[in-house]
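Enquirer: In this text, residue positions in the sequence shown follow the working numbering: the first is 5, and each later residue adds one.
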Amino acid sequence: MNHLTAFIDASLVYGSSEEEMRKLREHGGTGAKLAMDYSTGWSYPPRKDRPCKAGKSVCDKRCFHAGERRANENPFLAALHTLWDREHNRLVDALRIRGWPEETLFHVVRKIVGALMQHITYKEYLPRILGEELTDILQLSVPTKNYRYDPNLNPTIYNVFATAAFRYGHSMLAERYQRVGRSPGTSPLLSGDFFSMDDYCSPHGDPVASLLSAQAHQQAQRVDNLFSRQVTNHLFAKKMNDPGLDLFSINVQRGRDHGLPPYTKWREVCGLPKVNDYSDLRHYLPEHVIDRLAAVYGPGGVHEIDLFAAGISEFPVNGGLMGPTFTCVVSHQFKLLKFGDRFWYENTHNPGKFSNEQIASIQKTTLASLLCRNSDVQEIHRNIFEVESPSNPRVPCSAILHETDLDVNLWP
């Protein structure tokens, strides 16, 4: 059963039902703005009764109320939710001069925010995980030349995408995540960050800026079969380094519970070279991984290998992060989500379409510009899906906003 909508529609901001969306809005569900808590001087989602955790006794341990129930799993995820909430309310303030009714204003801004999320996903995120060449070949890059919605495509989320392939990022998690202004090794281990509200306790600066800019500067781990002990031994531990769950094992078991065919079958589905025995895997998996798989699944068990176990271990495709099997599944899913979405922001053949000028303005936005205009970050590198480097140097936010700011005057 699905808790969320399939489309990239900013449901993490607005929820996935009318009832949930009303609870997130001001004035009992009738306001144009999202309800926010301003008690610390910075705006955050309001608290709800569900308890999270905090190491400091003076902290408010209640979780944030956001459009997606996993928003509080770690402070960085909560910061990203907060960033999008702030962008919604910023746009409401910018467009309120139009004099529209609250309901109209809310939905106009909701549509813009959904478009920004679609654009950033396909412009900045997908080329990094799939490789720019494949992104272009599959027409997943934006702007899209002569975009056409295809009503024959089914944009439903595939079981294999949600259950296995799109969980590739679990391999990229680090032992600990840095904070701005703290020396390496002094930030809490990841197990101490699960459901923690400590970063939002009586902040001296904006935690959203500190958390997200720190993430933008920290190198992610490679996509492979090597997982941090923080998620294989201590996942969702109540206290840092307490015993917890094993995320790798959960992913394998989830695939079995959902009835996913084995790894070799998915290679066939993707049109990849057929695997008949373990020796055929040498071109796609490291030798030591093949040896371990053979030890676990047995000499004749190559066709029993769980998809996640082998898929996460494949050598990455040229320019991408994942191996060919996961790349196949993920790229196909995002193609359906783009060309099978009647409300895709570049579709100019539906009643609620954006004008060409509005689309062009939306396409200037980057995640860096979103961070600059909704936090107290003063400088950041332009592409925050890549670490800072000579080709991706840190620049003042004023320069980023000059290049990428959304022109609200195009919404008359």
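Just so it is clear, CB atoms sit at the ideal spot from N, CA and C, and this is done for glycine as well.
#1: What's the gap between the Cα of Gly-209 and the Cα of Leu-410?
#2: Can you tell me whether Thr-329 is buried or exposed, with buried defined as 16 or more other CB within 10 angstroms of its CB?
#3: Sort out for me which residues DSSP pairs Asn-396 with in a bridge.
#4: In the DSSP output, what is Asp-284 paired with across the bridge?
#5: On the three-state DSSP scale, how would you describe Asp-1?
#6: Is it buried or exposed for Leu-84, if we count other Cβ within 10 angstroms and need 16 for buried?
#7: When the Cα atoms are used, what is the spatial distance from Met-201 to Leu-134?
#8: Buried or exposed: where does Gln-257 fall if 16 or more other Cβ atoms within 10 Å of its Cβ makes it buried?
#9: For Glu-272, tell me which candidate among Val-333, Ala-299 and Phe-252 has the shortest Cα-Cα distance.
#10: List, from N- to C-terminal side, the beta strand (DSSP E) runs of 3 residues or more that fit wholly inside the stretch 342–415.
#11: Count the other CB atoms, across all protein chains shown, that sit within 10 Å of the CB of Asn-387; report buried if there are 16 or more and exposed otherwise.
#12: Note down, in chain order, each residue of its chain lying with its Cβ closer than 7 Å to the Cβ of Val-184, except the 5 sequence neighbours on either side.
#13: DSSP state of Arg-94, grouped into three classes?
#14: By Cβ distance below 6 Å, which residues in the same chain neighbour Cys-56 in space, the five residues on each side in sequence not counted?
#15: Taking all protein chains shown into account, decide if Thr-369 is buried (16 or more other Cβ within 10 angstroms of its Cβ) or exposed.
#16: Nearest-angstrom Cα distance between Asn-360 and Leu-340?
#17: From the DSSP secondary-structure annotation, give me the bridge partner or partners of Pro-55.
#18: Residue range of the alpha helix (DSSP H) that Asn-163 falls in?
#19: Nearest by alpha-carbon distance to Leu-375: which of Leu-405, Val-300, Tyr-151 and Ala-10 is it?
#20: Just verifying my parser: in three-state terms, what is the DSSP assignment at Ser-217?
#21: Just to confirm, is the Cβ distance from Ala-10 to Pro-159 under 8 Å?
#22: Using the three-state DSSP reduction, which class does Tyr-48 fall into: helix, strand or coil?
#23: Measuring alpha carbon to alpha carbon, tell me which residue in Glu-350, Pro-397, Pro-355 and Leu-325 is nearest Tyr-129.
#24: Starting from Thr-108, follow the alpha helix (DSSP H) in both directions and report where the run begins and ends.
#25: Going by the DSSP bridge assignment, what does Arg-29 pair with across the sheet?
#26: Just confirm the distance between the C-beta atoms of Ala-169 and Gln-225, as a whole number of angstroms; I'd bet it's less than 8 Å.
#27: Span of the alpha helix (DSSP H) holding Glu-291?
#28: Which one or two residues does DSSP pair with Arg-180 in a beta bridge?
#29: Could you check the C-alpha separation between Asn-78 and Asn-280 for me, to the nearest Å?
#30: What is the DSSP secondary structure of Ser-200, reduced to helix, strand or coil?
#31: At which residues does the alpha helix (DSSP H) containing Arg-132 begin and terminate?
#32: Helix, strand or coil: how does DSSP classify Leu-251 here?
#33: Please say whether Leu-142 and Tyr-126 have beta carbons closer to each other than 8 Å?
#34: When the Cα atoms are used, what is the spatial distance from Asn-413 to His-292?
#35: Ignore the nearest five residues each way along the sequence and tell me which others in Leu-157's own chain have a CB closer than 6 Å to its CB.
#36: So, helix, strand or coil for Leu-144, using DSSP?
Expert: Taking the definition as stated:
#1: 26 Å
#2: buried
#3: Ser-393
#4: DSSP, once it has assigned bridges, lists no residue as partnering Asp-284.
#5: Outside the shown range of the chain, which is 5 to 416, sits residue 1, and nothing can be said about it.
#6: buried
#7: 34 Å
#8: exposed
#9: Val-333
#10: 383–385 and 398–400
#11: buried
#12: Ser-214, Ser-217 and Ala-218
#13: helix
#14: Lys-65, Cys-67, Asn-76, Phe-199 and Met-201
#15: buried
#16: 23 Å
#17: Arg-66
#18: 163–167
#19: Leu-405
#20: helix
#21: yes
#22: strand
#23: Leu-325
#24: 106–124
#25: Leu-38
#26: So it is not a contact: roughly 18 Å between Cβ atoms.
#27: 291–301
#28: Leu-193
#29: 42 Å
#30: strand
#31: 130–134
#32: helix
#33: no
#34: 58 Å
#35: Leu-340, Phe-343 and Gly-344
#36: coil
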